[in-house]
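Take the sequence shown: its position 21, counting from 1, is numbered 248 in this note's numbering, and each next residue is one higher.
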Amino acid sequence: QVQLVESGGGLVQAGGSLRLSCVVFGGSFSIYSMGWFRQAPGKEREFVARIGGSDATRTYADSVKGRFTISRDDAKNTVYLQMNSLKPEDTAVYYCAGGRGGYGWEYWGHGTQVTVPS
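As structure tokens, this is what we get:
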């Protein structure tokens with residue numbers, strides 16, 4: 228059974244930074260594509276960033292390009308999301324997701340809250 232556990236959320240002032248972490252228990256982390264998604268109140272869940280398993284290719288939503296960086300440490304079965312220059316519109320529950328290439332997002336964490344007051 229594969230479990231994803233996020234941490235690192237919190238309340239931060241606009242312009243500040245946070246680093247989210249997601250540890251994967253079980254499965255084969257190194258082959259998984261890993262991603263971050265977020266869901267703001269009253270809105271649908273949206274894609275934030277993705278990092279490939281085999282090639283570590285990174286993809287970002289336009290809304291976070293240049294501010295957020297996704298990375299992974301296969302030795303620690305962990306994926307990170309470094310968030311800089313945070314804005315009130317970044318307020319959301321952030322979810323970690325993972326999956327094998329071609330199988331979509333098979334595994335999801337329970338989320339961690341990020342709040343940036345306006």
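Glycine is no exception: its CB is placed at the ideal position from the N, C-alpha and C atoms.
Residue pairing from DSSP places Arg-265 in a beta bridge opposite Glu-273, Tyr-321.
Straight through space, the alpha carbons of Gly-242 and His-337 are spaced by roughly 26 Å. By the CB criterion at 8 Å, Ala-283 and Arg-265 fall outside the cutoff. In the DSSP assignment, Ser-234 is bridged to Ser-248. When Tyr-322, Gln-309, Tyr-334, Leu-247 are compared, the shortest CA-CA separation from Lys-292 is found for Gln-309. Apart from sequence neighbours up to five positions away, the residues of its chain that approach Ala-319 with a beta-carbon distance below 7 Å are Arg-265, Gln-266, Ala-267, Val-341, ordered along the chain. Its chain contains Gln-309, Met-310, Asn-311, Ser-312, Leu-313 as the residues whose beta carbon lies nearer than 8 Å to that of Ser-244, once the 5 sequence neighbours on both sides are disregarded; these appear in chain order.
In the same chain as Asn-304, and ignoring 5 residues on each side of it, the C-beta atoms closer than 8 Å to its own belong to Val-250, Val-251, Phe-252, Phe-256, in chain order. In the DSSP assignment, Phe-256 forms no beta bridge with any residue.
For Leu-231, the CB contacts under 7 Å within the same chain, skipping 5 residues up- and downstream, are Cys-249, Val-251, Cys-323, Gly-325, Tyr-334, Trp-335, Gly-336 in chain order. Residue nearest to Ile-258 within the set Arg-246, Gly-328, Ser-345, Trp-332 is Gly-328 (criterion: CA-CA distance).
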